[in-house]
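Notes to accompany the following structure.
In the numbering used here, the protein residues as written are 228 to 378.
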């Protein structure tokens, strides 16, 4: 598997991101999903990554700059056929490395609290993310929680 920067001109990337957004809205109570649509993942503050297994798209994720020293992880998603094979881990490692090389001191994310998010939370915790205060307009609550990693 290989991770590289991706673009929204890639139909496989767009299809996986659209599936991610639909799924997040389906499993989250109304008003508690903050998954960005494809247009929300464009702009100079976003770097999109894709993990490929040969010609197959295995996972995606994005790094969103919030300030010179703070960034957020957005739209982490492994294709269902590639779950448990390390694709999400590979994207997360690429995001963390890029954040470090860009001088980010704090990497944050917002995620859900239900069992549907347990595997993602376990991955983030494995890399040192800790639960913490809300950021960037999010609120922690019964359906949302924020995690942070100081780099």
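Where a beta carbon is used, it is the ideal one built from N, C-alpha and C, also for glycine. All values reported here derive from a predicted model rather than from experimental measurement.
When only Cα atoms are considered, residue 259 and residue 351 end up about 20 Å apart. Membership of residue 240 in the alpha helix (DSSP H) is indicated by the continuous run 238 to 254.
For residue 297 against residue 333, the beta-carbon gap comes to about 5 Å, under 8 Å, which counts as contact. Counting only runs of 4 or more residues that sit fully inside the region 308 to 343, the alpha helix (DSSP H) segments are 314 to 328, in chain order. Residue 374: member of the beta strand (DSSP E) spanning 371 to 377, first to last residue. Residue 278 is positioned such that its CB atom lies closer than 9 Å to that of residue 318. Judged by DSSP in its simplified three-state form, residue 277 adopts strand. The beta carbon of residue 316 is closer than 7 Å to those of 350 in its chain, skipping five residues each way along the sequence. Shown here for residue 344: same chain residues with a beta carbon closer than 6 Å to its own, the five before and five after excluded, namely 338 in chain order. Per DSSP, residue 346 is one residue of the alpha helix (DSSP H) stretching across 345 to 353.
Straight-line measurement puts the Cα of residue 237 at about 25 Å from the Cα of residue 329. When the alpha-carbon of residue 285 is set against those of 356, 299, 231, 358, the nearest one is in 231. Note that the C-beta distance between residue 321 and residue 288 is below 9 Å.
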